[in-house]
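Following: one structure in structure tokens, then a few remarks.
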Amino acid sequence: MAAVGGPTRQSRVSMSVSMSLVQGGAAGAPQGAILAAAAPYYQPPAVPQDVQPDRPIGYGAFGVVWAVTDPRDGRRVALKKLPNVFQSLVSSKRVFRELKMLCFFKHENVLSALDILQPPHLDFFQEIYVITELLQSDLHKIIVSPQHLSADHIKVFLYQILRGLKYLHSARILHRDIKPGNLLVNSNCVLKICDFGLARVEEPDQSKHMTQEVVTQYYRAPEILMGARHYSAAVDVWSVGCIFGELLGRRILFQAQSPVQQLELITELLGTPSMEDMRHACEGARCHMLRRAAKPPTLSALYRLSTHATHEAVHLLCQMLVFDPDKRISVIDALAHPYLDEGRLRYHSCMCKCCFTTSAGMRQYIVDFEPSATQPFDDLWERKLTSVQQVKEEMHKFIA
């Protein structure tokens with residue numbers, strides 16, 4: 001590592017979001033009132049008495065996430081409850097995959113498991129409690145808030161998203177649901193990718209079909225919208241491009257009411273794709289596109305998103321929002337784009353934990369600013385599990 005002088009505290013541009021923005025939840029409300037207002041399904045999880053839930057911070061199909069205090073060290077953490085895990089083979093394997101991923105991840109910009117609470121006896125094993133780092137907000141809440149976002153904020157957020165995504169892709173993992181709500185942010189603007197319920201290992205065999213029930217519609221890549229049977233890590237890059245545009249314009253870039261309308265909005269911006277660009281689409285989608293009047297691209301509209309939509313910003317955004325996934329920029333190439341130079345410097349000079357300042361005031365930088373995973377994520381175990389009972393037994397052993 002090379003030791004170089006870092007910026008002084010006075011010279012740093014403040015990258016913090018106001019605590020009133022990131023705290024969220026029912027700040028100031030009595031704890032009893034918060035719990036009483038929750039529906040029975042969202043009552044404090046029945047966990048060991050030394051782990052006391054404080055307040056709910058997130059809801060979803062999975063159940064609920066609570067803010068808790070870890071009694072071992074007094075640290076504030078998040079407790080995620082996964083209920084009714086073993087209802088089907090597909091859902092139980094999905095949860096097991098997510099657990100294994102959370103324990104596999106070792107990266108500053110990817111949420112990982114700090115602990116998994118000890119399960120009961122196998123006969124009573126129905127739900128799982130995962131402890132993760134607690135972050136105060138997410139990118140969706142920040143985008144829709146009145147909080148000012150400077151060009152520095154946008155660059156450092158985008159840099160961290162791509163930095164975490166490079167790590168995931170190097171482990172052969174497709175996230176498949178990158179959206180602002182799945183990008184957690186703390187009060188210092190450190191960002192972590194979360195929610196790996198739809199994540200899976202990339203399928204190298206292009207003859208094997210992959211599910212199209214992935215990615216929230218607003219962030220869904222055109223190849224998925226057009227029925228591609230197989231797709232790659234490029235679907236995550238498209239999602240990041242949509243988020244980049246949303247950060248610039250403070251509104252959803254392609255906000256449609258249906259998948260068909262979603263594709264219409266995309267073609268209004270990018271223009272009608274060529275037959276070559278639609279080679280991954282299903283035949284029906286290609287025919288539908290060819291029957292419609294050809295549209296020219298209107299990419300110049302991106303400059304009107306905001307004053308932050310500079311030439312460099314729009315240049316990178318246009319490389320992310322490419323119809324053909326084979327021509328779309330990769331995460332590695334996106335990280336090398338000049339637009340992110342300032343975001344990289346900002347993150348590593350005063351935000352990251354991988355670099356540090358010595359007692360002499362010198363900043364110690366790591367050699368690799370965007371590390372890859374040390375090995376690919378192994379999913380071969382999934383093929384051996386053919387029943388819910390097998391998954392239950394293996395998951396119990398994994399946690400215990």
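When you line the sequence shown up against UniProt numbering, it's residues 1 to 400, in that order.
Yeah, the Cβ is synthetic: ideal placement off N, Cα and C, and Gly gets one too.
Item to check | Identity of the residue in G74, G58, S91, Q87 nearest K81 by Cα | outcome: G58
Checklist entry - Exposed or buried, D195, counting other C-beta atoms within 10 Å across all chains shown (16 or more means buried)? => result buried
Checklist entry - Any idea which residues DSSP pairs T132 with across the strands? => result A78, A113
Checklist entry - Exposed or buried, H153, counting other C-beta atoms within 10 Å across all chains shown (16 or more means buried)? => result buried
Item to check | Where D326 falls, given that 16 or more other Cβ within 10 Å makes a residue buried | outcome: exposed
Item to check | Buried/exposed call for N84, threshold 16 Cβ in 10 Å | outcome: exposed
Next on the checklist: Rounded to whole angstroms, what is the Cα-Cα separation between P296 and I266?
Outcome noted: 12 Å
Next on the checklist: Tell me the rounded alpha-carbon separation between T374 and C354.
Outcome noted: 16 Å
Next on the checklist: Out of F125, V68, D277, which one is the CA nearest neighbour of S92?
Outcome noted: F125
Item to check | Under the three-state DSSP convention, the category F196 falls into | outcome: coil
Checklist entry - Enumerated in chain order, which unbroken segments of the alpha helix (DSSP H) with a length of 4 residues or greater are wholly contained in the region 222–298? => result 222–225, 234–249, 259–270, 283–291
Item to check | Residue closest to L117, alpha-carbon to alpha-carbon, out of L111, F104, L99 | outcome: L99
Checklist entry - So Q160 is in the alpha helix (DSSP H); what residue range does that whole segment cover? => result 151–170
Checklist entry - Count the other CB atoms within 10 Å of the CB of K208; is the residue buried (16 or more) or exposed (fewer)? => result exposed
Checklist entry - Buried or exposed: G74, going by 16 or more other Cβ atoms within 10 Å of its Cβ? => result exposed
Checklist entry - Which two residues bound the contiguous alpha helix (DSSP H) that contains R383? => result 381–384
Checklist entry - Taking E133 as the reference, which of V77, L158, E223 has the closest Cα? => result V77
Next on the checklist: Please report the distance separating the alpha-carbon of A37 from that of L290.
Outcome noted: For A37, the predicted model reports a pLDDT of 32, less than 50, meaning its position is unreliable; a value from the coordinates is still stated below. The straight-line gap from Cα to Cα measures roughly 53 Å.
Checklist entry - When burial is assigned at 16 or more other CB atoms within 10 Å of the CB, is L248 buried or exposed? => result buried
Item to check | Where A301 sits in the DSSP three-state scheme | outcome: helix
Checklist entry - Can you tell me whether DSSP reads I57 as helix, strand or coil? => result strand
Checklist entry - Apart from the five residues just before and just after E342, which ones in its own chain have a Cβ nearer than 6 Å to its Cβ? => result K155
Checklist entry - According to the neighbour-count rule (16 or more other Cβ atoms, all chains shown, within 10 Å of its Cβ), is G6 buried or exposed? => result Interpretation of G6 is limited by its pLDDT of 37, a score under 50 that renders its predicted location unreliable; the figure taken from the coordinates is listed afterwards. It counts as buried.
Next on the checklist: Please classify A294 as buried or exposed, where buried requires at least 16 neighbouring CB atoms within 10 angstroms.
Outcome noted: exposed
Checklist entry - How would you call G241, buried or exposed, if buried means at least 16 neighbouring beta carbons within 10 angstroms? => result buried
Item to check | the region 135–142 in contact with the region 326–338 per 3-pair CB rule at 8 Å | outcome: no
Checklist entry - Is the Cβ-Cβ distance between N186 and I193 less than 8 Å? => result no
Checklist entry - By the 10 Å Cβ neighbour count, where 16 or more other Cβ atoms means buried, how is K166 classified, buried or exposed? => result buried
Item to check | Buried or exposed (CB count within 10 angstroms, at least 16 for buried), V367 | outcome: exposed
Item to check | Close Cβ partners of C352 (< 7 Å) along its chain, the five nearest in sequence each way excluded | outcome: E108
Next on the checklist: Contact criterion: CB-CB distance below 8 Å. Does L184 meet it with respect to chain B?
Outcome noted: No chain B appears in the structure shown, which is made up of a single protein chain.
Item to check | Assigned secondary structure, D177 (DSSP; H/G/I helix, E/B strand, else coil) | outcome: coil
Checklist entry - Within this structure, are the beta carbons of L263 and L225 separated by less than 8 Å? => result yes
Next on the checklist: Please give me, in chain order, every unbroken run of the alpha helix (DSSP H) with length at least 4 that falls completely inside the region 308–339.
Outcome noted: 311–320, 331–335
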